[in-house]
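Report on one structure; see the data block that follows.
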Amino acid sequence: MHSKPNKAWLYLLLSLVLLGAFLVYPLIDVLIYSVEEGFNFASQTYLGVGLYNYSYVLHDPYFLQAVRNTFVLVIITVPVSTGLALLISAGLSSIKPLRKLYQTVYFLPYVTNTLAVGLVFMVLFQKTEYTDGLVNLMLRWFGAGPIDFINGPHWAKMFVLCFYTIWVVMPFKILVLTGALASVNQDYYKAARVDGTSRRRIFFRITLPMISPMIVYLVITGFIGAFKAYSDAVALFGTDLNAAGMNTIVGYVYDMLYGDSGGYPSYASAAAIILFVIVLTITCINLLVSRRQLRD
Amino acid sequence: MNIQLQELTKRFPARGRKARGEVTAVDRLTFEVPDGLLVGLLGPSGCGKSTTLNMICGLETPTEGKIFFGGEDVTHLPPELRGVGMVFQNYALYPHLTVLQNITFPLENLKGAQKLTKAEMRRRALEAAALVQIEELLDRKPKELSGGQQQRVAIARALVKMPKVLLLDEPLSNLDARLRLQTREEICKIQKKTGITTLFVTHDQEEAMSISDRIVVMKDGVLMQQGAPQQVYDDPANLFVAKFLGTPPINVFEGTVRKERLLLAGQDVLAVPGAPDGSVWVGIRPEGFTPDANGPVACGLSRVEVLGRDVSIVCTHPACTTDTLRAIVNARHDVDGAADTVHFALHPDKVFLFDHETEVRIPFAVQG
Numbered sequence: 019m020h021s022k023p024n025k026a027w028l029y030l031l032l033s034l035v036l037l038g039a040f041l042v043y044p045l046i047d048v049l050i051y052s053v054e055e056g057f058n059f060a061s062q063t064y065l066g067v068g069l070y071n072y073s074y075v076l077h078d079p080y081f082l083q084a085v086r087n088t089f090v091l092v093i094i095t096v097p098v099s100t101g102l103a104l105l106i107s108a109g110l111s112s113i114k115p116l117r118k119l120y121q122t123v124y125f126l127p128y129v130t131n132t133l134a135v136g137l138v139f140m141v142l143f144q145k146t147e148y149t150d151g152l153v154n155l156m157l158r159w160f161g162a163g164p165i166d167f168i169n170g171p172h173w174a175k176m177f178v179l180c181f182y183t184i185w186v187v188m189p190f191k192i193l194v195l196t197g198a199l200a201s202v203n204q205d206y207y208k209a210a211r212v213d214g215t216s217r218r219r220i221f222f223r224i225t226l227p228m229i230s231p232m233i234v235y236l237v238i239t240g241f242i243g244a245f246k247a248y249s250d251a252v253a254l255f256g257t258d259l260n261a262a263g264m265n266t267i268v269g270y271v272y273d274m275l276y277g278d279s280g281g282y283p284s285y286a287s288a289a290a291i292i293l294f295v296i297v298l299t300i301t302c303i304n305l306l307v308s309r310r311q312l313r314d
Numbered sequence: 002m003n004i005q006l007q008e009l010t011k012r013f014p015a016r017g018r019k020a021r022g023e024v025t026a027v028d029r030l031t032f033e034v035p036d037g038l039l040v041g042l043l044g045p046s047g048c049g050k051s052t053t054l055n056m057i058c059g060l061e062t063p064t065e066g067k068i069f070f071g072g073e074d075v076t077h078l079p080p081e082l083r084g085v086g087m088v089f090q091n092y093a094l095y096p097h098l099t100v101l102q103n104i105t106f107p108l109e110n111l112k113g114a115q116k117l118t119k120a121e122m123r124r125r126a127l128e129a130a131a132l133v134q135i136e137e138l139l140d141r142k143p144k145e146l147s148g149g150q151q152q153r154v155a156i157a158r159a160l161v162k163m164p165k166v167l168l169l170d171e172p173l174s175n176l177d178a179r180l181r182l183q184t185r186e187e188i189c190k191i192q193k194k195t196g197i198t199t200l201f202v203t204h205d206q207e208e209a210m211s212i213s214d215r216i217v218v219m220k221d222g223v224l225m226q227q228g229a230p231q232q233v234y235d236d237p238a239n240l241f242v243a244k245f246l247g248t249p250p251i252n253v254f255e256g257t258v259r260k261e262r263l264l265l266a267g268q269d270v271l272a273v274p275g276a277p278d279g280s281v282w283v284g285i286r287p288e289g290f291t292p293d294a295n296g297p298v299a300c301g302l303s304r305v306e307v308l309g310r311d312v313s314i315v316c317t318h319p320a321c322t323t324d325t326l327r328a329i330v331n332a333r334h335d336v337d338g339a340a341d342t343v344h345f346a347l348h349p350d351k352v353f354l355f356d357h358e359t360e361v362r363i364p365f366a367v368q369g
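This is how it looks when you write it as structure tokens:
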């Protein structure tokens, strides 16, 4: 193995070249764009080098709104979806009849198109001149007034976006967790039963630690995925997210590049770099925390 | 405290799409594990011995039959109320807990009046650890231990609740040969020291014979024979038990009894007073042969293996059911390895006759 390092590099060459061309180079390019002040896309010229783009972005109320939205989305959806997925997978692994059917049902959202799901959610939540939407009909049974979830107050829109995101990301988590649960050796449970361990204690002291590497993986990828949220918001609230007040950081980057006000690659790059720094920081914290927990 | 099984039966629904009906894993099993003894439950893989163990510890419920611990019916008690300690084949040590946490785990489950203080738990855990001599390993994780050490931790964890019964499922099968010898003595020693009624399951007859006070031989869920190891070896009830016990295995021949004489391939080899006429299976232990130039059994000599204390003679015989048969003789006997044939005399008490149909032992009066 160690005797032929050159051969190993040869095998890696193709992927390294592709990674370099489509990942490393753009990343560096984005960094360069983000520090070029007064960049003119048409003439490809700029006035100087500095941090003005960052300063602009950080003072842009739309960007700040997008950051707030993204953080709310992350903080709500990651724990809730992981927790719910854990509950559902634990339930799935403890039932015998129809398990396959339930597993399929829970996995369906994963293979369903985001925009199609968005349309269904519109039907459920949107209030039009003809109907209040299905959810509002149900709310009325409990005496609550109709709420416009799509064009109404910010919290209602946020609720729909979180609900939607959780619903979309859960199938994958359930899939991973049912797999992790199934891979726990049954002998541990038998041993615990012989010792009279309560179900609750079995779950928290045996099952959870056994599948914790998978949970860590899901939380980290969940954080990253939620920070990159964009298409979900578009599916629910249309492309003019700034007007709806439901923009996300990635949405802001997109708008800066191609939106109505588009043509600002420098601002877009600065926003993208800020997002990158946030995700990197959160992931590092995640890894540190989980590693310490695994060691204990 | 003794364990009694009464007509214990376990049937599982058959697996697979086409399979119908049920599979009987354990069939009307009745035996007793006397108080304070070490009993080996022995049988080939798939004979239902692990299922039996699981029923005794309460992980499986029997389809029929009863289990008594010291006269008390525990058939429908959950495992934790039976007072059993169980050691699993793969030890099932919790990998994320240290050795000490693993041993303490069962104590932390105790509720109500049995609940222990932290200090008391620690004292009990240290006591159990001392019993199996793992005091220096308490802060390690299971994966940092060798197979033998993991085994000890598993035993300590099973003993820490001071169970009335200790059950071990294939305790030695995950260890290498040298460690196996050492560990089986260890288990024997721990059992003698604690005096706890112990039942262990194994498919290795040597293992069972060497440390058990009694052995119980099973096949296809049915009890074949039970008794002290030497007694079962010397007096097998049927062909299966005779073949299953002993290394090297017993040599089996097709023979005929005529007028109280045993014939092998037409040759009169032994007087068998009391045996009825008919065709029989003949089992002869490897140590049942003595080289004797005038002996009645003539075999084609294949080779002679020198073992130091003994000599193993590998040879052929037309009536033998296997290609070669093996005789173990004292090295004092001078066997000519270059000769074509070798003649043996037989020890009558090492020769067993079995019915050709039922494979049940046919007794005969041993002479001389």
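Line by line, the protein sequences are chains H and B.
According to our numbering, the stretch in the first sequence is residues 19 to 314, in order.
According to our numbering, the stretch in the second sequence is residues 2 to 369, in order.
Idealized CB from N, CA, C, for every residue including glycine.
Query, Result
"Entirely enclosed beta strand (DSSP E) segments - the segment 178-210 of chain B, minimum 3 residues", "198-203"
"Residues near Asp170(B) in its chain [Cβ-Cβ closer than 8 Å; skip 5 each side]", "Ser51, Leu54, Met87, Val88, Phe89, Gln90, Phe201 and Val202"
"His97(B) at chain H interface by Cβ criterion, 7 Å", "yes"
"Euclidean distance between Cα positions of Phe7(H) and Asp47(H)", "Only positions 19 to 314 of chain H appear in this structure, which leaves residue 7(H) out of reach."
"Exposure of Asp273(H), with buried meaning 16 or more beta-carbon neighbours within 10 Å", "buried"
"Cβ of Gly136(H) within 7 Å of any chain B Cβ", "no"
"Chain H contacts made by the segment 64-83 of chain B, where a contact means CB separation under 8 Å", "Pro79, Pro80, Glu81 and Leu82"
"Pro115(H) at chain B interface by Cβ criterion, 7 Å", "no"
"Endpoints, beta strand (DSSP E) assigned at Val223(B)", "Val223 to Gly228"
"For Glu109(B), the first and last residue of its enclosing alpha helix (DSSP H)", "Val100 to Glu109"
"Nearest neighbour of Leu305(H), chosen from Ser230(H), Tyr285(H), Gly281(H) and Leu254(H) [CA to CA]", "Ser230(H)"
"Below-7 Å beta-carbon distance, Ala93(B) vs any chain D residue", "Among the protein chains in the structure shown, which are H and B, there is no chain D."
"Counted within 10 angstroms of its Cβ, other Cβ atoms place Pro97(H) as buried (16 or more) or exposed", "exposed"
"Cα-Cα separation, Lys6(H) to Gly243(H)", "Because chain H in this structure spans residues 19 to 314, residue 6(H) falls outside the shown range and cannot be described."
"Contacts of Thr215(H) in chain B (Cβ-Cβ under 9 Å)", "Glu81, Phe106, Pro107, Glu109 and Asn110"
"Burial state of Leu104(H), where buried means 16 or more other Cβ atoms lie within 10 Å", "buried"
"Where Val85(B) meets chain H, residues with beta-carbon distance less than 8 Å", "Val212"
"First and last residue of the uninterrupted alpha helix (DSSP H) at Gln83(H)", "Pro79 to Ser112"
"Per-residue burial, Thr248(B) [other beta carbons within 10 Å of its own, 16 or more giving buried]", "exposed"
"Gly37(B) vs Thr195(B) beta-carbon contact at 7 Å", "no"
"Contact set for Phe222(H): own chain, Cβ-Cβ below 8 Å, skip 5 residues either direction", "none"
"Where the beta strand (DSSP E) containing Leu347(B) begins and where it ends", "Thr342 to Leu347"
"Length-filtered (4 minimum) alpha helix (DSSP H) runs lying within the segment 237-265 of chain B", "240-245"
"Cut-off 6 Å between Cβ atoms - residues of its own chain near Leu246(B), not counting five sequence neighbours on either side", "Gln206 and Tyr234"
"Alpha-carbon to alpha-carbon, Pro127(H) and Thr196(H)", "16 Å"
"Beta-carbon neighbours of Ile14(H), restricted to chain B and to distances below 8 Å", "A query on residue 14(H) cannot be resolved here, the shown segment of chain H reaching from 19 to 314 and no further."
"Glu187(B) versus Ala126(B): straight-line alpha-carbon distance, rounded", "19 Å"
"Continuous alpha helix (DSSP H) stretch holding Asn58(H): start and end", "Premise fails: Asn58(H) is in no alpha helix (DSSP H) and is neither H nor E."
"Identity of the residues DSSP links to Val281(B) by a beta bridge", "Gly256(B) and Asp356(B)"
"Sub-7 Å separation of Asp250(H) and Thr183(H) beta-carbons", "yes"
"Ala130(B) vs Ala157(B) beta-carbon contact at 7 Å", "yes"
"Element boundaries [beta strand (DSSP E), containing Phe69(B)]", "Glu65 to Phe70"
"Option in Gln151(B), Ala15(B), Val27(B) and Cys189(B) with minimal Cα separation from Asn175(B)", "Gln151(B)"
"Bridge partners - Ser313(B), DSSP secondary structure assignment", "Glu306(B) and Ile329(B)"
"Straight-line gap, Arg310(B) to Leu132(B) (C-alpha atoms, nearest Å)", "37 Å"
"For Lys175(H), the three-state DSSP class (helix, strand or coil)", "helix"
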